[in-house]
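Residue numbers (the numbering used here): 151 to 357.
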Ligand code: Z5A
């Protein structure tokens, strides 16, 4: 059985990850792939419970170390129960956020040491890395405006603009450092144009 490919979607608040996840899934299925769609934090029953804990605005104050470890605890569970089995079966895995989000939010946003994140990444993932990452990038105000239309806020969405600026900068730094894997999509554009950029990247990837 040929191993599947692992594709992740990344970006700040409201850039359109969830919207484009279904679009990408449909496109890949039309190309004949079996697709497993999942998300982080989450993807298994236990990891979804961890998600609730880290996103809940009413949680007791969560230290940066606790938050980091909870992200990786959820990820360990997700990899073992969903991602690895699906890839081994030949499925393509499409995941809404993965470890680039930890570098961006915990590393950039919370200023946790990058070396510590890299250590946990190695411990939890071994050699597992996404084959392709689509980074949906838009000015922070645009993403926040879109996300605010939902009307509810999680623990991260209650952060200040400076936090989201650091998150965006870290994402873009990683894209510059890893251009073969991380492809930046200009997500401020009308959806039809965003999706045509996504298709162009997917076509190149599948060659
Ligand atoms: N987190 C972390 O800190 N560390 C980690 O390791 C991981 C995660 C894995 C939950 O993620 C939080 O977890 C996240 C980081 C942290 N922080 N926050 N907040 P999430 O993915 O569930 O949360 P999110 O980023 O807030 O998702 P979102 O707000 O749902 O954004 P989105 O999925 O990118 O956007 P959307 O729902 O697809 O679109 C938002 C609206 O914009 C919607 O009405 C769309 O119809 C509209 N939209 C989308 N695209 C367009 C275009 N092109 N034009 C116009 N309107 C558009």
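Glycine residues also receive a C-beta, built at the ideal position from the N, C-alpha and C atoms. Because the structure is a prediction, the values reported are computed rather than measured.
- Residue 191 is classed as buried because its beta carbon has at least 16 other beta carbons within 10 Å across all chains shown.
- Less than 8 angstroms divides the Cβ of residue 285 from the Cβ of residue 334.
- Between ligand 1 and residue 285, a heavy atom-to-CB distance of less than 7 angstroms is absent.
- Less than 8 angstroms divides the Cβ of residue 156 from the Cβ of residue 280.
- With fewer than three CB-CB distances shorter than 8 angstroms, the region 211-219 does not count as touching the region 181-200.
- Exposure of residue 207 is indicated by the presence of fewer than 16 other C-beta atoms within 10 angstroms of its C-beta.
- DSSP places residue 201 within a helical segment (H, G or I) once states are collapsed to three.
- About 5 angstroms separates the beta carbons of residue 221 and residue 252, which is inside the 8 angstroms limit, making them a contact pair.
- The DSSP-derived three-state label of residue 214 is helix.
- Excluding its 5 nearest sequence neighbours in each direction, residue 167 has C-beta neighbours in its own chain below 8 angstroms: 159, 160, 161, 246, 247, 286, listed in chain order.
- Residue pairing of residue 181 in beta bridges, as defined by DSSP: absent, with no partner found.
- Residue pairing for residue 186: DSSP places it in a beta bridge opposite 243.
- The residue from 176, 342, 336, 256 with its alpha-carbon nearest to that of residue 243 is 176.
- The three-state reading of DSSP puts residue 285 in strand, counting E and B together.
- Shortest Cα-Cα distance from residue 326 to any of 165, 250, 183 involves 250.
- Per DSSP, residue 232 is not a residue of any beta strand (DSSP E), being assigned neither H nor E.
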